[in-house]
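K.L.:
In our numbering, the protein residues as written are 46 to 225. We put the CB at the ideal spot given by N, CA and C, even for glycine. A single structure is presented below for examination.
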């Protein structure tokens with residue numbers, strides 16, 4: 046049985062990172078992430094055009110967390126609390142005991158192992174606390190950095206495809222019995 050309750054919000058920590066809930070005070074950081082053309086290059090979303098767009102997004106995310114629809118962490122450097130990225134779990138399927146993971150990282154912080162550290166913490170939470178069996182990640186077929194990252198993180202490319210988004214690969218990470 047999937048344990049999908051995000052109250053109180055689960056703050057996760059690693060050696061370098063604190064993964065915490067977004068607040069409207071994070072508007073500038075979320076605007077920077079969601080308006081960056083390089084980050085948005087392979088994402089099918091409208092970029093933030095104004096600070097109001099970013100605040101509206103934060104409010105929507107926190108509403109979804111409150112309703113246990115999805116969970117979304119701000120990735121911060123513990124020693125400074127600067128938001129460098131985000132990571133989320135969403136599209137939960139109780140029947141298939143799985144969810145999808147999404148992530149984004151400011152370009153200045155890429156290549157430092159930050160996302161790998163955050164992903165390991167979040168997948169551990171998904172498997173051990175939430176009791177999920179599978180995590181999927183969809184990435185654009187031309188997003189080489191994301192494909193390389195997922196492969197290095199233990200995700201396996203699926204032979205399945207999503208007919209609605211044929212230009213994306215599906216990667217999966219399965220919970221092994223010894224991690225329970």
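Taking 9 Å as the threshold (C-beta atoms), are residue 101 and residue 137 in contact?
P.N.:
no
K.L.:
Using the rule of at least 16 other Cβ atoms within 10 Å of the residue's Cβ for burial, across every protein chain shown, is residue 45 buried or exposed?
P.N.:
With the chain covering only 46 through 225, there is no way to say anything about residue 45.
K.L.:
Between which two residues does the beta strand (DSSP E) holding residue 65 run?
P.N.:
62–65
K.L.:
Considering Cα atoms alone, identify which of 183, 60, 47 and 51 is closest to residue 165.
P.N.:
From the listed residues 183, 60, 47 and 51, the smallest Cα separation to residue 165 is found for 60.
K.L.:
Is it the case that the segment 47–62 contacts the segment 92–106, given that we only count it when at least three CB pairs across the two stretches are under 8 Å?
P.N.:
Not touching, per the Cβ criterion.
K.L.:
Buried or exposed for residue 160, going by 16 or more other Cβ atoms inside 10 Å?
P.N.:
buried
K.L.:
Of the choices 190, 145, 122 and 73, whose alpha-carbon is the least far from that of residue 217?
P.N.:
Looking at the Cα atoms, 145 is the closest of the given residues.
K.L.:
Check for me: the alpha helix (DSSP H) holding residue 168 runs from which residue to which?
P.N.:
159–169
K.L.:
Have a look at residue 224 and residue 198 and give me their C-alpha separation to the nearest angstrom.
P.N.:
A caution first: residue 224 carries a pLDDT of 43, below 50, which makes its placement in the model too unreliable to give a value.
K.L.:
Thinking C-beta only, is residue 57 closer than 9 Å to residue 129?
P.N.:
Going by C-beta atoms, residue 129 is not nearer than 9 Å to residue 57.
K.L.:
In whole angstroms, what separates the C-alpha of residue 73 from that of residue 99?
P.N.:
Using only the alpha carbons, I get a separation of about 8 Å.
K.L.:
Measure the Cβ-Cβ separation of residue 103 and residue 133 and say whether it is below 9 Å.
P.N.:
Taking 9 Å as the cut-off, the Cβ atoms of residue 103 and residue 133 do not count as close.
K.L.:
Does DSSP put residue 214 in a helix, in a strand, or in coil?
P.N.:
strand
K.L.:
Output the boundary residues of the alpha helix (DSSP H) element that contains residue 97.
P.N.:
96–111
K.L.:
Express the C-alpha separation of residue 191 and residue 82 in angstroms, rounding to a whole number.
P.N.:
16 Å
K.L.:
Are the Cβ atoms of residue 141 and residue 180 separated by less than 9 Å?
P.N.:
no
K.L.:
In angstroms, rounded to a whole number, what distance separates the CA positions of residue 131 and residue 78?
P.N.:
9 Å
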